[in-house]
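*Asks:* Protein chains in written order, with this note's numbering: chain A, 6 to 181; chain B, 7 to 109. Here a beta-carbon is modelled for each residue, glycine too, at the ideal position from N, C-alpha and C.
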Amino acid sequence: MVGSLAQPTHLPPYFKLRKVSSKSAREREREPSLFAFAMVLLQPDPFLNELTSMYERTTERGSVWVTLKRSSMKSKAKRNKMTSAGETIEYRCLVRATDGKKTISTVMECQSKLVLLSFEYKLSAKDHLRFQASYATILKAHMSALKKRERRDKKKAGDGQTKQEDLKKPPKKSSS
Amino acid sequence: MVYISSWDEFAERSIQLFRADPQSSRYVMKYRHCDGKLVLKVTDNRECLKFKTDQAQDARKMEKLNNIFFTLMARGPDVDISEVSGKEQSEAQPTKKGRGRKQ
Numbered sequence: 006m007v008g009s010l011a012q013p014t015h016l017p018p019y020f021k022l023r024k025v026s027s028k029s030a031r032e033r034e035r036e037p038s039l040f041a042f043a044m045v046l047l048q049p050d051p052f053l054n055e056l057t058s059m060y061e062r063t064t065e066r067g068s069v070w071v072t073l074k075r076s077s078m079k080s081k082a083k084r085n086k087m088t089s090a091g092e093t094i095e096y097r098c099l100v101r102a103t104d105g106k107k108t109i110s111t112v113m114e115c116q117s118k119l120v121l122l123s124f125e126y127k128l129s130a131k132d133h134l135r136f137q138a139s140y141a142t143i144l145k146a147h148m149s150a151l152k153k154r155e156r157r158d159k160k161k162a163g164d165g166q167t168k169q170e171d172l173k174k175p176p177k178k179s180s181s
Numbered sequence: 007m008v009y010i011s012s013w014d015e016f017a018e019r020s021i022q023l024f025r026a027d028p029q030s031s032r033y034v035m036k037y038r039h040c041d042g043k044l045v046l047k048v049t050d051n052r053e054c055l056k057f058k059t060d061q062a063q064d065a066r067k068m069e070k071l072n073n074i075f076f077t078l079m080a081r082g083p084d085v086d087i088s089e090v091s092g093k094e095q096s097e098a099q100p101t102k103k104g105r106g107r108k109q
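(1) Entirely within the region 14–40 of chain B and at least 3 residues each: give me those beta strand (DSSP E) ranges in chain order.
(2) Helix, strand or coil for Lys43 of chain B, going by three-state DSSP, please let me know.
(3) Per DSSP, which one or two residues make a beta bridge with Tyr60 of chain A?
(4) Taking 7 Å as the line, does the beta carbon of Ser12 of chain B fall inside it for any heavy atom of the ligand MN?
(5) Using a threshold of 8 Å, state whether the C-beta atoms of Ser31 of chain B and Thr49 of chain B are closer than that.
(6) Does the beta carbon of Phe16 of chain B come closer than 8 Å to any beta carbon on chain A?
(7) Less than 8 Å separating the beta-carbons of Ser58 of chain A and Lys36 of chain B?
(8) What are the boundary residues of the beta strand (DSSP E) that Leu55 of chain B is part of?
(9) I'd like the list of long-range same chain contacts for Trp70 of chain A, defined as Cβ closer than 6 Å, with 5 residues on each side in sequence excluded.
(10) Closest to Phe76 of chain B by C-alpha separation, out of A:Pro51, A:Arg154, A:Arg135 and A:Arg66, would be which residue?
(11) For Leu23 of chain B, which residues in the same chain have their Cβ closer than 7 Å to its Cβ, ignoring the five residues on either side in sequence?
(12) Can you tell me where the alpha helix (DSSP H) with Ala80 of chain B in it begins and where it stops?
(13) Determine the DSSP secondary structure at Ala102 of chain A, reduced to helix, strand or coil.
(14) Kindly indicate if chain A contains any beta-carbon less than 8 Å away from that of Arg32 of chain B.
(15) Between Asn85 of chain A and Ser76 of chain A, what straight-line distance do the alpha-carbon atoms span, to the nearest angstrom?
(16) Apart from the five residues on each side of it in sequence, which residues of its chain come closer than 6 Å, Cβ to Cβ, to Arg25 of chain B?
(17) Rank A:Glu155, A:Met148 and A:Thr72 by C-alpha distance to the C-alpha of Leu44 of chain B and give the top, closest one.
(18) Could you pull the start and end residues of the beta strand (DSSP E) that Lys74 of chain A belongs to?
(19) Using the C-alpha atoms, what's the distance from Ala90 of chain A back to Pro49 of chain A?
(20) Do you know whose CA, among A:Arg62, A:Thr88, A:Lys79 and A:Glu155, lies nearest Gly105 of chain A's CA?
(21) Using a Cβ-Cβ distance under 8 Å, would Arg135 of chain A count as near chain B?
Structure below.
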């Protein structure tokens, strides 16, 4: 529906009418429903499995966001109460992952930002090394689209020269 | 938003930024396989540091930074050992290997 809208003359200029973009049926499907604001809190292994499938899904199109944040997972009011009571607050590393595509219906925590599909996991110091290792493995395995170093071409040329030198050396040794 | 061209500068400044305000700082990594691009962002909601790359070597450096941030966030911003132990280990190994020949 292209066409300029008739501006209301009886209102001040800042009340201009703006044309609402006409959305196709496909765009309307992608619109987030209320469930989209949900975030699923998982255990480490299911989180890593879902992260792997997220990377596999977004090879042709899309991005994967992974956010690391320090969090006590407690509200500010409770944190203030704990500090005033003298209790030490245990902080953890919050890991969030999203691919910004589909919605998920399970509600574990609500977030104010417009995050569509996301998974969270809390880490304590004990599970650290195992999670770090698995996480690093997943990243290494899936970040294959990044460019390799150009030095390899130079190295190949260098190897060709050294091989020629090695061939020359043995006949000299055998003669002496 | 500031894109930093040097990896070392980005790593050092992002760790400083986190240490200054560990409560509100976060480390975000965005990867697009279709474009082959990796973007890292560290922000405390006031200042923002970003690093953009398409090189595989930077992915390896990023993994080390990931480990540093994991440790910082879990154990606290005052942990110096995490960076030092990682670097000390890498320094200790070459010194052991050197000059082992008997003359």
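*Replies:* According to the structure data:
(1) 32–38
(2) strand
(3) None, per the DSSP bridge assignment.
(4) Looking at this structure, you won't find the ligand MN or any other ligand, since it has none at all.
(5) yes
(6) no
(7) no
(8) Cys54 to Thr59
(9) Thr103
(10) A:Arg135
(11) Ser31, Val48, Asp50, Glu53 and Leu55
(12) Ala62 to Arg81
(13) strand
(14) yes
(15) 14 Å
(16) Pro83
(17) A:Met148
(18) Val69 to Ser76
(19) 32 Å
(20) A:Arg62
(21) no
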